[in-house]
Amino acid sequence: MKKFRVAAIALTALIAIAVAGIASHFTPSFAQTYPSKPITMIVPFAAGGPTDALARVLADRMRQTLGETILVENVTGAGGTIGVTRAVKSAPDGYTLSIGHLGTHVINGAMYTLPFDLINDLDPVALVASNPMMIVSKNDVPAKNLKELIAWIKANDGKVTAGTAGVGSGAHFSGIFFEQLIGTHLQFVPYRGTGPALLDLVAGQIDIIVDQASNSLPQVQAGKIRAYAITDQKRLAAAPDVPTVAEAGLPELQIELWSGVWVPKGTPKDVVARLNSAIVEALADPAVKKRFAEVGLDVPPVAQQNPEALARHQQAEVKKWWPMIKAANVKGN
Ligand code: MLT
Numbered sequence: 003m004k005k006f007r008v009a010a011i012a013l014t015a016l017i018a019i020a021v022a023g024i025a026s027h028f029t030p031s032f033a034q035t036y037p038s039k040p041i042t043m044i045v046p047f048a049a050g051g052p053t054d055a056l057a058r059v060l061a062d063r064m065r066q067t068l069g070e071t072i073l074v075e076n077v078t079g080a081g082g083t084i085g086v087t088r089a090v091k092s093a094p095d096g097y098t099l100s101i102g103h104l105g106t107h108v109i110n111g112a113m114y115t116l117p118f119d120l121i122n123d124l125d126p127v128a129l130v131a132s133n134p135m136m137i138v139s140k141n142d143v144p145a146k147n148l149k150e151l152i153a154w155i156k157a158n159d160g161k162v163t164a165g166t167a168g169v170g171s172g173a174h175f176s177g178i179f180f181e182q183l184i185g186t187h188l189q190f191v192p193y194r195g196t197g198p199a200l201l202d203l204v205a206g207q208i209d210i211i212v213d214q215a216s217n218s219l220p221q222v223q224a225g226k227i228r229a230y231a232i233t234d235q236k237r238l239a240a241a242p243d244v245p246t247v248a249e250a251g252l253p254e255l256q257i258e259l260w261s262g263v264w265v266p267k268g269t270p271k272d273v274v275a276r277l278n279s280a281i282v283e284a285l286a287d288p289a290v291k292k293r294f295a296e297v298g299l300d301v302p303p304v305a306q307q308n309p310e311a312l313a314r315h316q317q318a319e320v321k322k323w324w325p326m327i328k329a330a331n332v333k334g335n
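Rendered as structure tokens:
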């Protein structure tokens, strides 16, 4: 009798396993039904700035691959930490993306006490673009090159206003690096993004910005503001007349402002893979590459467009920048 009962239990278990196996073959995996509704891409800065512009170009092209709208939502404040926190706290289901950069996903970890772990509470999706910073001023600053600008800033120690996107933003930590190298103090003026900061620079309300080249370049080309140098080893094809910092006499000011896309920790791997493939397709699109090139944005090589490459790069940048930022003892909160 006992033997019969054991055999019956074993047979029942085998049938259950077989049914589960057949069912899983026909039950669509999460990724097979993803996405089934609009996706939100959180931009941690104001509309009209470089991160916002990058997000909208990517979102528009990713929609073609994914077949669902990607809504760009600007969640601003505190150098981008408000927006990134919102993304970190979102459901790990692939419907919330976090776009950001060296400032929001590296520097802020050294400047703020964050309510999350910058490296471990987000999963990487892809590196998307990078550009150097560009030192720009309002037109009526009495300097015609970087050496004269530095002399003018020193002669007005503590009075020259420098627009930023908040403590820890790209424009802010680049400004700190700049003032440390030239041995003087700037008066940082925080905005909710360097889009609004640039409007005030054009209007002459602030004096300078150490800005993402992609943000300032159109205004430089229109003659509305003046460019002094870019923080790169070579000139931008889109701005052949703007010298490198080395040519302009400040070779140490080397900054590459790279941007990436992340999702909340625990987002299903096959969903991350779908998002990554949509980004890779966008970055390969000639129309996207042309728009990026026009404003000095470089697309990473395909071999660097996978999630692991973003994770490696972010960790390397933490090692590179955190000691300098902590030594500067600049705190966001
Ligand atoms: C920055 O300075 O961090 C960014 O340029 C801000 C922005 O994208 O608006």
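The opening residue of the sequence shown carries number 3 in our numbering; numbering runs sequentially from there. All C-beta atoms, glycine included, are put in the ideal place defined by N, C-alpha and C.
Alpha carbon to alpha carbon, how far is residue j from residue i? Give it in angstroms, no decimals.
i, j, result
"residue 155", "residue 323", "25 Å"
"residue 194", "residue 241", "27 Å"
"residue 202", "residue 99", "30 Å"
"residue 145", "residue 139", "9 Å"
"residue 233", "residue 243", "14 Å"
"residue 76", "residue 35", "27 Å"
"residue 61", "residue 158", "43 Å"
"residue 207", "residue 226", "13 Å"
"residue 293", "residue 216", "10 Å"
"residue 306", "residue 129", "7 Å"
"residue 284", "residue 13", "51 Å"
"residue 43", "residue 71", "10 Å"
"residue 112", "residue 230", "29 Å"
"residue 115", "residue 197", "26 Å"
"residue 236", "residue 326", "24 Å"
"residue 334", "residue 170", "7 Å"
"residue 176", "residue 259", "9 Å"
"residue 239", "residue 297", "9 Å"
"residue 245", "residue 69", "43 Å"
"residue 2", "residue 7", "Outside the displayed span of the chain (3 to 335) sits residue 2, for which this structure offers no information."
"residue 224", "residue 267", "43 Å"
"residue 257", "residue 135", "6 Å"
"residue 303", "residue 105", "22 Å"
In terms of residue numbering, what span does the alpha helix (DSSP H) encompassing residue i cover?
i, result
"residue 146", "First-last for residue 146: undefined, no H or E at that position."
"residue 179", "172–184"
"residue 111", "110–113"
"residue 162", "First-last for residue 162: undefined, no H or E at that position."
"residue 232", "First-last for residue 232: 227–232, but that is the beta strand (DSSP E), not the alpha helix (DSSP H)."
"residue 84", "83–90"
"residue 310", "309–330"
Closest to residue i by C-alpha separation, out of the options, would be which residue?
i, options, result
"residue 317", "188, 113, 256, 107", "107"
"residue 45", "57, 39, 121", "57"
"residue 276", "90, 95, 85", "95"
"residue 211", "334, 174, 319, 306", "174"
"residue 151", "305, 50, 180, 235", "180"
"residue 143", "213, 53, 209, 310", "209"
"residue 186", "168, 205, 204, 160", "160"
"residue 320", "39, 119, 54", "119"
"residue 264", "137, 308, 172, 51", "308"
"residue 310", "97, 126, 65", "126"
"residue 123", "103, 304, 141, 89", "89"
"residue 184", "295, 50, 69, 253", "253"
"residue 190", "295, 172, 224", "172"
"residue 51", "141, 103, 268", "103"
"residue 39", "87, 73, 7", "73"
"residue 137", "228, 47, 48", "228"
"residue 153", "134, 121, 188, 135", "188"
"residue 53", "65, 149, 288, 78", "78"
"residue 48", "256, 199, 304", "199"
"residue 65", "295, 303, 121, 278", "278"
For residue i, which beta-bridge partners are listed by DSSP?
i, result
"residue 75", "44"
"residue 13", "Residue 13 pairs with nothing; no bridge assigned."
"residue 259", "133"
"residue 301", "According to DSSP, which records beta bridges pairwise, residue 301 is partnered with nothing at all."
"residue 99", "43"
"residue 166", "192"
"residue 246", "232"
"residue 264", "100, 126"
"residue 222", "DSSP output for residue 222 lists no bridge partner at all."
"residue 238", "241"
Tell me which residue opens and which closes the beta strand (DSSP E) that residue i is part of.
i, result
"residue 52", "Counting along the chain, residue 52 falls outside any beta strand (DSSP E), though it belongs to the alpha helix (DSSP H) covering 52–68."
"residue 276", "Premise fails: residue 276 lies in the alpha helix (DSSP H), 271–286, not in any beta strand (DSSP E)."
"residue 214", "210–214"
"residue 191", "189–192"
Would you please state the rounded distance, in angstroms, between the beta carbons of residue i and residue j? I believe it to be under 8 Å.
i, j, result
"residue 290", "residue 59", "6 Å"
"residue 166", "residue 192", "5 Å"
"residue 261", "residue 101", "7 Å"
"residue 221", "residue 330", "Their Cβ separation, rounded to whole angstroms, is 29 Å, which puts residue 221 and residue 330 out of contact at 8 Å."
"residue 248", "residue 147", "In fact, because the Cβ distance is near 14 Å, the residues do not count as touching under 8 Å."
"residue 332", "residue 178", "6 Å"
"residue 168", "residue 80", "6 Å"
"residue 300", "residue 92", "Not quite, the Cβ-Cβ distance comes to about 29 Å (not below 8 Å), so this is no contact."
"residue 110", "residue 82", "6 Å"
"residue 280", "residue 67", "4 Å"
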